[in-house]
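Residue numbers (my numbering): 831 to 960. Backbone N, C-alpha and C fix where the C-beta goes; we use that ideal spot for every residue, glycine too. Predicted, not measured: the structure shown is a model, and the values here were computed from it.
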């Protein structure tokens, strides 16, 4: 205990606390960042498909979205996607009905948190003149 009260002991304690904080930040980042990367990839794919809706049919878009969800190991099927095409306003909206939940265990189960993801895209598209 005497060592912690000296200047040298206080410095050592600060170093240990910083290592603890650094460990916690790295631990949380390694658990959470991949989840948000998958969400961003799915949302990006939905936006791209909505923006090129003038050349793709709804069935093709749905097939591509399901393939991307399978590639990312997301629990989404064809029934989970809602595609709305508005020819008059030249817009397409793509969303998921329920999205998906991911349960993450931090610090080896000491703290458990459920993250909910529900990507959606609403893009305008140009009509092809014939």
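By the neighbour-count criterion, in which a residue is buried when 16 or more other Cβ atoms sit within 10 angstroms of its Cβ, residue 853 is exposed. Restricting attention to alpha helix (DSSP H) runs no shorter than 4 residues, the segment 840-913 encloses them at 888-901, ordered along the chain. Within its own chain, the residues whose Cβ lies closer than 6 Å to the Cβ of residue 888, once the five positions on either side in sequence are excluded, are 913, listed in chain order. The residues 914 and 952, in chain order, have a CB closer than 6 Å to that of residue 923 in the same chain once the five nearest residues on each side in sequence are set aside.
Three or more beta-carbon pairs separated by less than 8 Å are not found between the segment 855-864 and the segment 875-884, which leaves the two stretches without contact.
Spanning the alpha carbons of residue 917 and residue 907 requires a straight line of approximately 26 Å.
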